[in-house]
Structure formats: structure tokens, C-alpha cells
Amino acid sequence: MQRLNPFSPKTISYHRLSKEASTEHKQENDQDTTPNSSQNQNEDEEADHHLLAKQLRHRSRRMCLRQTCVYMLLSLTSLLIGLAFGEMFRLEYDVDGYIEPYASAYHNVPNVVWQKNVSFVGEPSAAMEKAWEGLIPKGRGFVRHDVLTKGELMSMSVFHEIHCLHGLLASHHLTTYQLSKLRYYHPTLFPSTSSSTFLPHHPPPRSAPPPFKTNLYLEAKLQSEPHAHAGHINHCFDYIRQALMCAADTNLEEVSFEEVDNGRGGKDQVLGAQGWGARRVCRPFWGVWGWAVRWGEGGEGII
């Protein structure tokens, strides 16, 4: 039996020593790598946050772009729907370009300024007659349309109105011309009324007849149309009256005081409106004229 010596040096086996050395070395390595691991972990977290923020930014941009496209698409769709419903429900619509009477402001022409046009007034002549005839389309305002007139021949009012106005003007020219001619060649038929008082058996002095100039155009008219048709003239007065009331033009015109003869050798101030120079809203006459040409039937000239 072996005896133990308390003073003998202690011996450690190789395996135990090696194991302890490995354990110490591992602990040292663990102590050395712990800071690096924490740093790497922080860097990974920062990278993850950066990537997440980048993804959120891209997602936000995509969402904004998607929303913008949706809003634009909705706006465009709403616009198209509004236009479609506007065409369906507006009061005035076109049938082959036809402009309905007084239905809406769709075809109105703004800022039209009227000026005196001597082509339609003044001394009667063939040139003035041609200007009036230029207002009447081919077909003389008689039109035929499958939908609007149901295939029947009908007349457009505006050209009937122009025809009547032209007839009144022509009648006025012929009448005043004949009176002027008669007074010039037969002054005794027109006693003077320049003096309001005169003695019995002493008629007032006669004034000199106004100057007279022969108008060859009107002379030819008198040969072809010696008598005005009173019935037609009366019809036109009433027809134009009702046409003006039907249109009820509400354009505003400037007014001014004008001096006029009072018939007593003096002047009076009268408030009136000429209408020239005022801006107004009108209907597209030449658009109506073109439609009447397209669907017109008949010949040339005044109705």
C-alpha cells in the first residue's frame, strides 16, 4: 500500500492541464471577440433600418404615383362623362348643323358691334338691291329635311322677315319717289302750309318744290311694278312686329339727346338711341344662312 507524503510536489495529469489551457484560451478569445460582435450587430441593425427606410420611401413614391394616376384617370373620366351628359342634356343641339331658335347660348356670337351700312340704305339702285339679295340664300329660305321638316318643304323665319323688311323698304322708295316727282311737276297739288294764318281769298305763298332727280332704277321698277300690293305690305308690318316681339332682343344700347325739327321752325331735344357702336350678343346669321343653302330648295332672289 502506497503511503502519502504531504510534502511531495503535486503532479497534474497532461489531459487535465491541456483541458484547462484550452478552457482559458477559449475564455480569452471570447473576451476578445465580444466587442467586435456587438459592433457588427449594431452595423447590421443600422443596415436593416436603412434598407427598411429605403423600401418605405420607394413604397411611398409608388403610392403617390399610383394615387396621382388614379386621380388623373378619375378626372379625365369625369370630364368625359360631363361632356357626354352636356351633349345629351343641353337645350340646343345640332341636327346636321341646324341652329335651333332661342334655345340656348351655345351658338351665340359675343361682342358684335353694329355700324351704319350704306349698302342697304340710301339712294335706291341695282347695287343696293344686290346687297339685299345677298342676304337670301339659294332656295330663298325654303328648306326640306328628313328629320326637322319630316320631308316637307318649309320656310325659315329669318329669311321671311328679311323679305318683308325688303318689301317695306322697296315700297317706301317707290312711294316717296312718286310723291317727289308729282310735287315737282304738279306743285299746285301741294299747297304750302308754311303760314298758319292768311287772309280770306289770299292763299298763302307757295314754297318752291323740292329738287327732283330722276332715278332710272326706280323708273324701271315703276314700269314692272306699277302698284304696291297693300295686302302684302300690311302682312309684312304685322309679321315683323310679331317677329321682333318673339325675338325680344335684350341687348343694351347707349342713349343720347338729339336735336330734331319740331315742325314750328325750331328744334327740340329728344332722348333716343341709334344703336351704333354698342357691343351686343347675336345669333350666327351666316351659320343659319349656310344651313339653308345646304338644305334649300328653290331658285335665287328675294322670297
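Using full-length UniProt numbering, you'd call the opening residue of the sequence shown number 1 and step up by one each time. The C-beta atom is built at its ideal place from N, Cα and C for all residues, glycine as well.
Going by the beta-carbon positions, is the gap between V121 and R280 smaller than 9 Å? Using a Cβ distance threshold of 9 Å, V121 and R280 do not count as a contacting pair.
What does DSSP give as the partner residues of M154 in its beta bridges? Per DSSP, V143.
Residue environment, I136, which counts as buried when at least 16 other CB atoms sit within 10 Å: Buried is the call here.
C-alpha distance - K150 paired with D96, whole-angstrom precision: Spanning the alpha carbons of K150 and D96 requires a straight line of approximately 14 Å.
Measure the alpha-carbon distance for G272 versus L252 and round it to whole angstroms. About 13 Å.
Is there contact between the region 67 to 83 and the region 251 to 271, where contact requires at least three CB pairs shorter than 8 Å? Too few Cβ pairs lie closer than 8 Å, so no.
Any idea if C164 is buried or exposed, counting beta-carbon neighbours within 10 angstroms, 16 or more meaning buried? Around the Cβ of C164, a 10 Å sphere holds 16 or more other Cβ atoms; the residue is buried.
Can you say whether residue 322 is buried or exposed, counting buried as having 16 or more other CB atoms within 10 angstroms of its CB? As shown, the chain starts at 1 and ends at 303. That puts residue 322 outside it, with no answer to give.
C-beta atoms of R283 and I99 nearer than 9 Å: Yes, the Cβ-Cβ distance between R283 and I99 is below 9 Å.
On the DSSP letters alone, give me the boundaries of the beta strand (DSSP E) that E258 sits inside. Taken as a continuous stretch (DSSP letters only), the beta strand (DSSP E) holding E258 covers 256 to 261.
Nearest candidate by alpha-carbon position, reference F285, set M156, A230, E259: Of the candidates M156, A230, E259, the one whose C-alpha sits nearest the C-alpha of F285 is M156.
Can the beta-carbon of G296 be found less than 9 Å from the beta-carbon of V143? Yes, they are a contact pair.
For G277, I'd like the list of residues in its chain whose CB is within less than 8 Å of its CB, leaving aside the five on either flank, ordered along the chain. The answer, listed in chain order, is V113, W114, Q115, E254.
Which of helix, strand or coil does DSSP assign to D238? Residue state, collapsed to three classes: helix.
By how many angstroms is the C-alpha of Q178 removed from the C-alpha of K221? So the two alpha carbons sit approximately 11 Å from each other.
Which same chain residues, not among the five before or five after V288, have their C-beta less than 8 Å away from its C-beta? Cβ neighbours of V288 beyond the five flanking positions: I99, M156, V158.
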